[in-house]
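Asker: These protein sequence lines are chains H and F, in that order.
With this note's numbering, the residue at position 26 of the first sequence is 26, and numbering never jumps.
With this note's numbering, the residue at position 110 of the second sequence is 110, and numbering never jumps.
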Amino acid sequence: AQRVTQPEKLLSVFKGAPVELKCNYSYSGSPELFWYVQYSRQRLQLLLRHISRESIKGFTADLNKGETSFHLKKPFAQEEDSAMYYCALRTYSGAGSYQLTFGKGTKLSVIP
Amino acid sequence: GAGVSQTPSNKVTEKGKYVELRCDPISGHTALYWYRQSLGQGPEFLIYFQGTGAADDSGLPNDRFFAVRPEGSVSTLKIQRTERGDSAVYLCASSRTGGSGELFFGEGSRLTVL
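Below, the structure written as structure tokens:
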């Protein structure tokens, strides 16, 4: 069965410092990975997906199949980055159904 | 509407009672998903609708849980004989199509079973 692991429940960094939120996955098929973000009192929303290979709000993430990782990085943290971040793996479960398997999330706190 | 709408936002009930949670997806979105998020956990898949039919209900924990989407738009998640372990935030998401479409989440319905 597929699994997503986010080893850090809480990550605190100072404003301007680099950020790396770790995500590891376990899946026998071809993975499709995402990062979702939930800001305080807002709904869960997509931040980025690995197939797009884009930078959103300064964040990037590279899929490393050898290490089965999809770490989220930003060179200079901003206070508005403080939020809950979830890594998610999308898998095909048949009959046209795709499921997202989420990690437990990492709370990022950026200290002014 | 502007986004996925879920009602009620909060529901407190007693053990053994029946509850219904409603989801109104983004207009035109054919795919609809229910997830459950327990405290300290990420969202967990419950059920997926494509149109009116439940294409995948493999995440429903037991037969006390049931969901419908009779007209292919609004969906209702129904929980019978609620238990304290059912306490969680129930999230609904919709997508323009199934498969690789981006999911748009609602704000969730927080269920507390006393």
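C-beta atoms are modelled at their ideal positions from N, C-alpha and C, and glycine is treated no differently.
These numbers come from a predicted model, not from an experiment.
1. Return the CA-CA distance between residue 35 of chain H and residue 22 of chain H, expressed in angstroms with no decimal places.
2. Less than 8 Å between the C-beta atoms of residue 92 of chain H and residue 106 of chain H, yes or no?
3. I need the straight-line Cα distance from residue 71 of chain F to residue 17 of chain H, nearest angstrom please.
4. So with CB distances below 8 Å, who are the chain H contacts of residue 43 of chain F?
5. So, residue 44 of chain H versus residue 32 of chain F, is the Cβ gap smaller than 8 Å?
6. In chain order, which beta strand (DSSP E) runs of at least 3 residues are fully inside the segment 31–76 of chain F?
7. Below 8 Å on the Cβ atoms is my guess for residue 36 of chain F versus residue 25 of chain F; work out the distance and round it to an integer in Å.
8. Mind listing the chain H neighbours of residue 106 of chain F? Cutoff is C-beta to C-beta under 8 Å, in chain order.
9. Say yes only if the C-beta of residue 34 of chain F is nearer than 7 Å to one or more non-hydrogen atoms of the ligand GTP, and no if none qualify.
10. Would you mind working out which of F/28, F/110, F/40 sits nearest residue 8 of chain H, comparing C-alpha positions?
11. To test your reading of the DSSP string, which unbroken beta strand (DSSP E) runs of 3 or more residues are found completely within the segment 27–66 of chain H?
12. Considering Cα atoms alone, identify which of F/113, F/34, F/50, F/11 is closest to residue 101 of chain H.
13. Nearest-angstrom Cα distance between residue 62 of chain H and residue 103 of chain F?
14. Expressed to the nearest angstrom, what Euclidean distance is found between the alpha-carbon atoms of residue 37 of chain H and residue 9 of chain F?
15. Consider the Cβ of residue 91 of chain F: report whether some Cβ of chain H lies at a distance smaller than 8 Å.
16. Looking at C-alpha atoms only, which residue of F/13, F/106, F/87, F/78 is the closest neighbour of residue 38 of chain F?
17. For the beta strand (DSSP E) containing residue 88 of chain F, name the first residue and the last one.
18. Need the endpoints of the beta strand (DSSP E) that residue 86 of chain H sits in, please.
19. Using a C-beta to C-beta distance shorter than 7 Å, which residues of chain H count as neighbours of residue 55 of chain F?
20. Quick one, which of F/17, F/30, F/22 has its alpha-carbon nearest residue 52 of chain F's?
21. Below 8 Å on the Cβ atoms is my contact criterion, and I expect residue 95 of chain H with residue 56 of chain F to pass it. Report the Cβ-Cβ distance as a whole number of Å.
22. Where does residue 25 of chain H land, buried or exposed, given buried means 16+ other C-beta within 10 angstroms?
23. So, does the CB of residue 58 of chain F fall closer than 8 Å to a CB anywhere in chain H?
Answerer: On the basis of the supplied data:
1. Position 35 of the first sequence holds residue 35 of chain H. Position 22 of the first sequence holds residue 22 of chain H. Approximately 11 Å between the Cα atoms of the pair.
2. If you number the first sequence from 1, residue 92 of chain H lands on position 92. If you number the first sequence from 1, residue 106 of chain H lands on position 106. For residue 92 of chain H and residue 106 of chain H, no; Cβs fall outside 8 Å.
3. Stepping through the second sequence from its first residue, residue 71 of chain F is reached at position 71. Stepping through the first sequence from its first residue, residue 17 of chain H is reached at position 17. Going from the Cα of residue 71 of chain F to the Cα of residue 17 of chain H covers about 50 Å.
4. Here residue 43 of chain F corresponds to residue number 43 of the second sequence, with the count starting at 1. What residue 43 of chain F touches in chain H: 44, 86, 100, 102.
5. Here the question's residue 44 of chain H lines up with position 44 in the first sequence. Here the question's residue 32 of chain F lines up with position 32 in the second sequence. Result no, Cβ atoms of residue 44 of chain H and residue 32 of chain F do not sit closer than 8 Å.
6. Within the segment 31–76 of chain F, the complete beta strand (DSSP E) runs of at least 3 residues are 31–37, 44–50, 53–56, 65–68.
7. Looking up residue 36 of chain F in the second sequence gives position 36. Looking up residue 25 of chain F in the second sequence gives position 25. With a contact defined as Cβ atoms closer than 8 Å, residue 36 of chain F and residue 25 of chain F miss out at about 17 Å.
8. By one-based count along the second sequence, residue 106 of chain F stands at place 106. 43, listed in chain order.
9. For the structure depicted, the ligand GTP is absent and the ligand set is empty, with no information on it obtainable.
10. Along the first sequence, read from residue 1 onward, the residue named residue 8 of chain H stands at position 8. Checked all of F/28, F/110, F/40; the closest Cα to residue 8 of chain H is F/40.
11. Correct list: 32–38, 45–49.
12. Here residue 101 of chain H corresponds to residue number 101 of the first sequence, with the count starting at 1. With distances taken between Cα atoms, residue 101 of chain H lies closest to F/34.
13. Stepping through the first sequence from its first residue, residue 62 of chain H is reached at position 62. Stepping through the second sequence from its first residue, residue 103 of chain F is reached at position 103. The alpha-carbon atoms of residue 62 of chain H and residue 103 of chain F are separated by roughly 21 Å.
14. To locate residue 37 of chain H, count along the first sequence from 1; it is residue 37. To locate residue 9 of chain F, count along the second sequence from 1; it is residue 9. Their backbone Cα atoms lie some 20 Å apart in a straight line.
15. Against the second sequence, residue 91 of chain F aligns to sequence position 91. Yes, because at least one Cβ of chain H sits closer than 8 Å to the Cβ of residue 91 of chain F.
16. Stepping through the second sequence from its first residue, residue 38 of chain F is reached at position 38. Nearest C-alpha to residue 38 of chain F: F/87.
17. Within the second sequence, residue 88 of chain F is the residue found at index 88, counting from 1. In the DSSP assignment, residue 88 of chain F falls within the unbroken beta strand (DSSP E) covering 88–95.
18. By 1-based counting over the first sequence, the position of residue 86 of chain H is 86. Start and end: 83–92.
19. Residue 55 of chain F sits at position 55 when you count from the first residue of the second sequence. By Cβ distance, chain H contributes 95, 96, 97.
20. As a first step, residue 52 of chain F is located in the second sequence; it is residue number 52 there, counting from the start. Looking from the CA of residue 52 of chain F, the closest CA among F/17, F/30, F/22 belongs to F/30.
21. By 1-based counting over the first sequence, the position of residue 95 of chain H is 95. By 1-based counting over the second sequence, the position of residue 56 of chain F is 56. Contact flag correct, Cβ pair sits at about 6 Å.
22. Against the first sequence, residue 25 of chain H aligns to sequence position 25. Classification for residue 25 of chain H: buried.
23. Here residue 58 of chain F is taken as the residue at index 58 of the second sequence, counted from 1. True, the Cβ-Cβ gap to chain H drops below 8 Å.
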